[in-house]
Structures are given as C-alpha cells and as structure tokens.
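Protein chains in written order, with our numbering: chain A, -15 to 297; chain B, -15 to 297.
Each residue gets a CB set at the ideal place from its N, CA and C atoms; glycine is no exception.
Just below is one structure, and these are the notes that go with it.
2 protein chains.
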Amino acid sequence: MKVERIPLRDGRDDVTLTTYVLDDSGEMLDGSPRPAVLILPGGAYLTCSDREGEPVALAFASLGYHAFVLRYSVYGDADPMQDLEPRERSQFPHPLVDVGLAMREIRDRAEEWRVDPSRIVVCGFSAGGHNAAMYGTHWDKPVITDAVGEGLRPGALIVSYAITDYVDVAERAREQGAVEQAIRRAAAVAYLGTTEPGHDALIAASPALLADESTPPSFIWATGADSLVPARHSLRFAARLADVGVPYELHVYEQGRHGLSLATQASAGSRGDLDSRAADWFRQASSWLEARFALDVPELSAWERRPLREDPR
Amino acid sequence: MKVERIPLRDGRDDVTLTTYVLDDSGEMLDGSPRPAVLILPGGAYLTCSDREGEPVALAFASLGYHAFVLRYSVYGDADPMQDLEPRERSQFPHPLVDVGLAMREIRDRAEEWRVDPSRIVVCGFSAGGHNAAMYGTHWDKPVITDAVGEGLRPGALIVSYAITDYVDVAERAREQGAVEQAIRRAAAVAYLGTTEPGHDALIAASPALLADESTPPSFIWATGADSLVPARHSLRFAARLADVGVPYELHVYEQGRHGLSLATQASAGSRGDLDSRAADWFRQASSWLEARFALDVPELSAWERRPLREDPR
C-alpha cells in the first residue's frame, strides 16, 4: 500500500489528499484498475475529524478499493461555544472546490495508481457528507467546471448523517438544545460567513433542494436519535433523488448519536461512539458498492488457465 | 498509516516485515497502545502469496489493530509439478525462526509503533498457518529462545486451513489426487528437505501433536471441501488444544476450496476464491479477537469530559 500526503493548494499545507493505494499483484487483479473511494471527514467545517479519516479509508481498502482522505478547507482551531469571526478560507465554495481538486488529482494519476476514473465514489460524514452531496450536485456546474475542469463526475456518493437542507436548519434552529445551537452557529459562520445567511445563500448550500438527474447514485444513512443533524436531512435528500429519478439507498437506524463514523472500536473516540446496530451501515454500503462497482476478478487465475498435463510422475 | 518494508536477515531481501501501523490521534486512543496482528501468508513453503498478505493486513487494520505481514524463508520460484532439489533456505527451522525475528522486531519497536506487546496475534494461512501453529508450540522452546530470545509469546493464534499433523499427511498421501500429491511432495522438499521424511521429523513438524498448555488461545478455521489440506488438520489441532486445556474456537464451513484467504473480492485471484459463506470466518475472528483484545476506547472523550458551562449566549 502506498500512503502519501499530497498538498492540493500551492503554499498551503491544510488542504491535502492522503492516498491509501493498494499494491498490485499478478496473483489478483494483475494491473486491472480498481474503483476508489474519496473520503471527506466531518467536523462542522471547523476541523476535519481523524475519526472519519483513516479508519474509514482502511475499511474501504479492506474491501479491495483504493481509498483517499481529503482534508478540505476548514475554519481551523476554534471553540464552537464562542462567537467566531468569519474567515474567508472555509467559506463556500472553497471546501467544495477542494473536492474538485482531489477528483482531478486522482484522475490525473489514475494510470499510475491503477484507479478506474469512472468508478470514484465520494463518501462524506456530517459536514463532509454535506460537502460530498454539494459536489454531487455541482460537479457539472461552473463553480467546479470553471475552477478545475469538466467531466469530474463521481461514480456514486455515500452521504453519512449530513446536513442537506439549510432552509430547514434555519427554520427549526430554535427546536435544538443550547450546545447544538452553538455548533450550528459556528458552522454557519465557517461555511456561510454569518449566523444569519439570506434565503438564496441557504438554498445555494442545500443539496436536497438542488439535486437533479446528473446527481450520482447515492447511499444515504443516518441515526434517528441524532440531535445535532436530524435524520430528516437524510430523508429529504433521499426524497429529492426519488423525485428526480436518481437511484438511492437509505438506512436510518433508530438509535445512535451524531458522528458515529464506523460505529466500531476502529473509529470510536469514546464508548458512546460504539453502536453495533448502526455499524451495520458499513456492511450495507459494502454490498451496495459491490453490486455497482465489483472488482474485475478474473474468471480463472493464471494457474487455473495453465495447459492440462499428465500426472508429472 | 505507516507502511514500511523491513529486512529481518542481514544480506537477504526475501525475509521482510511489512508494517501497517495505524496513525495515532488525540481524538481516538491518544497514544494508548493497540494490539497487533502478524500475518503469515501461505504458499506451500514455496512462495508467500500476495493474496494472503496485504488484503488480510488491511482487514485487521480496518478493525483498529496494527498489522504486519511477514515474508518468511521459502523455497523460491519453483514449479510444484516438477521434482525439486532440496534447498537449505526454506527448511525447518528457518521459516519458524523468521517468525521469532518478526516478533522481536515488533517487541523492540513497540513504543515507537504504540503496539501492546502482550497482545500480538500470529495469523497464518495454509503453510503460513502451519508456521503460525509451529510458532505457537515452539516460542518457549530452544529453537526460538536460543535464536531470538525469551518471552516472545503470541497473545493468540489464528490458524487458517493449515496442515497441523504431518504424520497424517504421510499416512493418507495416496488418498489425494495427482496435483495435490505433487504439491505435497514439493512442499515436503521445501520444508523437510525430502519427500520421505522419517517419523521423528514428521512429529517435530506437527503442532497438533506438540501443543501444550503454553500454546496461546487459538482461532481455527477451514473448509470441509478443501482437497489440498483436509479440514481434519484443523479438527486435530482443535482436539489437541481441548485436551491440553487451551481456549480455542473452530469454524469449518462445508463448502469452499483451499486457499480462500478472505474469500471476498479483496483477496480473490479468480471467481473460485469468492465464497460468501466461508467469508464469515473473518467476522467470527473479528468478534473473537474483540472479546479478547478490545481496543482501550476511553469511557468519555476530551470533549465529553470538558467542564460544564452555561449556555454561552
């Protein structure tokens, strides 16, 4: 496996693509390209969480897919419980354009890494899930095509406990607890530059209101007990895909808090991040992905194709 | 993740330890050591199969364990369908001592890699499974302690479709097909230096006849349809552990050929290596391992432990 951290923006070390590129072997795919999964960790556009980076990359790599972790533009060290001053860096469209830069880097090096560029999955968690869904609804729009080029369509999306409808966020803000409201305000400053964005800005950041027939097939999951990003956001994104005729799969687990990542010991920050029922999402995503993007496993190996011969003795 | 290939024997590049050392993060274990899995691929002591190396390492890494792949001393390029001349290199005890060298390397660098040296699992497949079981029954015997030192006990073994009883192999050789007999003869030359080893040599290479109360707890699996290494070898190793009072777990899947590795697309060389029922072994091994060697996931994260404060607004 080739693990390498590649800066994607000149003069900055915060926007990076970390590769988890699998070794080739004549005993297995023998040079055939593999699908890849590009992972966008969450962190309210304030940070990129380690819990949703390497552990998730290794989970997909263990299925035979190349994996990549993108650390996109975020606000940086901040206490979400304090009022934040806006910073340009983490605001729309910069984190979204970073996804395009990552897609272009993978596409440019597809031959070297033996990636099938038509089978790159973008998989995000929480704010990273929002960023993934934004990319899925903007990859063919000028915000991406002008900045990084045409044709960088993801083969599929995996959208985990993500905000997808900022209009809903604004309308229901008062239903949430004090901590959730503080995080919501900090994230709004980070991504939209203000705690009180206008209606057009809310719509422009809402994949559940923007998805169309060019949005890729999507696997969506959430937990019903999530108090920070209600599962309603996942339902709305699914409903929009149903409306526009894009294939999707949706799993909402009744229990489990926000930010479970894999919901196993491999990604847990504390015991509350362990949830054996919600951990099912990864098995479901794995079989969904394999049905769509199975590896090109040969019918017969070289040994099985060898000419028949007599018993050598 | 730190991937590095480390030579274990001076002046040779064929005996190597490849690391798959997980990144530490303040959001997760925050410096706490993790258990590790040392993987020994199979290949009849003629080769070390890629199919039982990196894909297996990544499967264990995806559970939160550090992983290591040992390429131990093997015969080298050879057509098992031809008669082979003995070579010293791959013969007992060299491949076994290589496991000790790997255990010592991991132990020596445990602090740097944040490995818990009391929780190193040795996991082997086919000939690698034999080598793992041999290590489990020899780690406290002079063949290891004189060569690499005392106290290098594995915390557990995972023994996959391995030969464990060479006396049985010799007695039943004629029951097998021509191809299986040819591979058996080649493997015997590689490991024992002759196609007709004496009775003492057969016993000395048979973990199912040697295991005692110092053998570590073992997870054992095989497929009933394996025509190269009959599942009887797994049954015999399990029966011996039962006799000497060592905890063990055993899964024999009715169908599935020899050498399935993970039995998924991640390790398949051809379609015959895919087996959704036998692929269950890894889930069973994962929960067996977690029951014994769970990561030290904190009760509460730093964020959860923060002092309570008033609503900031």
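Sorted by chain position, which residues of the same chain lie with C-beta nearer than 8 Å to residue i's C-beta, five sequence neighbours on each side aside?
{"i": "A/LEU193", "result": "ASP149, VAL151, ILE187, ARG224"}
{"i": "A/GLY253", "result": "ARG35"}
{"i": "B/ASP8", "result": "ASP14, GLY15, ARG98"}
8 Å is my cut-off, CB to CB: does residue i come that close to chain B?
{"i": "A/PRO296", "result": "A caution first: A/PRO296 carries a pLDDT of 49, below 50, which makes its placement in the model too unreliable to give a value."}
{"i": "A/PRO19", "result": "no"}
{"i": "A/GLY48", "result": "yes"}
{"i": "A/MET118", "result": "no"}
{"i": "A/PRO282", "result": "yes"}
{"i": "A/ASP184", "result": "no"}
{"i": "A/VAL132", "result": "no"}
{"i": "A/GLU11", "result": "yes"}
{"i": "A/ASP210", "result": "no"}
{"i": "A/SER285", "result": "yes"}
{"i": "A/LEU85", "result": "no"}
{"i": "A/ALA275", "result": "no"}
{"i": "A/GLU155", "result": "no"}
{"i": "A/ALA250", "result": "yes"}
{"i": "A/ALA94", "result": "no"}
{"i": "A/GLU69", "result": "no"}
Give the straight-line distance between the Cα atoms of residue i and residue j, rounded to the nearest whole angstrom.
{"i": "B/VAL40", "j": "A/ARG169", "result": "44 Å"}
{"i": "A/GLY60", "j": "A/LEU30", "result": "5 Å"}
{"i": "A/ARG137", "j": "A/THR199", "result": "9 Å"}
{"i": "B/LEU284", "j": "B/ILE90", "result": "30 Å"}
{"i": "A/VAL213", "j": "A/VAL127", "result": "26 Å"}
{"i": "B/ARG88", "j": "A/LEU273", "result": "40 Å"}
{"i": "B/ARG216", "j": "B/ASP(-3)", "result": "36 Å"}
{"i": "A/ARG241", "j": "A/GLY256", "result": "8 Å"}
{"i": "A/ASP92", "j": "B/GLU233", "result": "48 Å"}
{"i": "A/LEU47", "j": "B/SER46", "result": "10 Å"}
{"i": "B/ILE167", "j": "A/LEU279", "result": "30 Å"}
{"i": "A/GLY383", "j": "B/ARG71", "result": "Since the first and last residues shown for chain A are -15 and 297, residue 383 of chain A lies out of range."}
{"i": "A/HIS183", "j": "A/ALA117", "result": "19 Å"}
{"i": "A/PHE76", "j": "A/LEU176", "result": "6 Å"}
{"i": "A/VAL(-13)", "j": "B/GLU96", "result": "18 Å"}
{"i": "A/PRO64", "j": "B/SER251", "result": "44 Å"}
{"i": "A/THR121", "j": "A/ALA189", "result": "10 Å"}
{"i": "B/VAL132", "j": "B/SER270", "result": "30 Å"}
{"i": "B/ILE142", "j": "B/SER202", "result": "6 Å"}
{"i": "B/ILE147", "j": "B/SER218", "result": "8 Å"}
Flag residue i as yes if its beta-carbon sits less than 8 Å from any beta-carbon of chain A, otherwise no.
{"i": "B/TYR56", "result": "no"}
{"i": "B/ARG35", "result": "yes"}
{"i": "B/ALA247", "result": "no"}
{"i": "B/GLU159", "result": "no"}
{"i": "B/ALA188", "result": "no"}
{"i": "B/GLY253", "result": "yes"}
{"i": "B/VAL222", "result": "Residue identity differs from the one stated: residue 222 of chain B is Ala in this sequence, not Val. Taking Cβ atoms only, chain A never reaches closer than 8 Å to B/ALA222, which makes this a no."}
{"i": "B/ASP7", "result": "yes"}
{"i": "B/ALA140", "result": "no"}
{"i": "B/GLU38", "result": "yes"}
{"i": "B/ALA278", "result": "yes"}
Cutting at 6 Å between CB atoms, please list the residues of its own chain near residue i, excluding the five before and the five after it.
{"i": "B/ARG55", "result": "THR0, CYS32"}
{"i": "B/GLY26", "result": "SER33, GLU36, PHE109, SER110, ALA111, GLY112"}
{"i": "A/ASP124", "result": "SER198"}
{"i": "A/PHE277", "result": "PRO19, ARG103"}
{"i": "B/ARG(-11)", "result": "THR0, THR2"}
{"i": "B/GLN239", "result": "ALA209"}
Determine the burial state of residue i: buried for a count of at least 16 other Cβ atoms within 10 Å of its Cβ, exposed for fewer.
{"i": "B/GLY161", "result": "exposed"}
{"i": "A/ARG18", "result": "buried"}
{"i": "B/ARG297", "result": "Its pLDDT being 46, under 50, B/ARG297 is placed unreliably by the model, and the measurement read from it follows with that caveat. Exposed."}
{"i": "A/TRP287", "result": "exposed"}
{"i": "A/GLN249", "result": "buried"}
{"i": "B/GLY15", "result": "exposed"}
{"i": "A/VAL5", "result": "buried"}
{"i": "A/PRO291", "result": "exposed"}
{"i": "A/GLY139", "result": "buried"}
{"i": "B/ASP259", "result": "buried"}
By Cβ distance below 7 Å, which residues in the same chain neighbour residue i in space, the five residues on each side in sequence not counted?
{"i": "B/ASN115", "result": "LEU24, TYR56, PRO79, LEU80, VAL83, GLY108"}
{"i": "A/HIS235", "result": "TRP205, TRP265, GLN268"}
{"i": "B/LEU246", "result": "PRO39, VAL40, ALA43, ALA263, PHE266"}
{"i": "B/TYR49", "result": "ARG18, PRO19, ALA20, VAL21"}
{"i": "B/LEU(-8)", "result": "VAL(-1), THR0, LEU1, ASP82, LEU85, ALA86, GLU89"}
Taking only beta-carbon positions, decide if residue i is within less than 8 Å of chain E.
{"i": "A/VAL(-13)", "result": "Looking at the structure shown, chain E is missing, and the protein chains on hand are A and B."}
Report the residue ranges of all beta strand (DSSP E) runs contained in full by the segment 5 to 88 of chain B; include only those spanning at least 3 residues, in chain order.
18 to 24, 50 to 55
Which complete alpha helix (DSSP H) runs does the segment 104 to 157 of chain B hold, if anything under 4 residues is left out?
111 to 122, 126 to 132, 150 to 156
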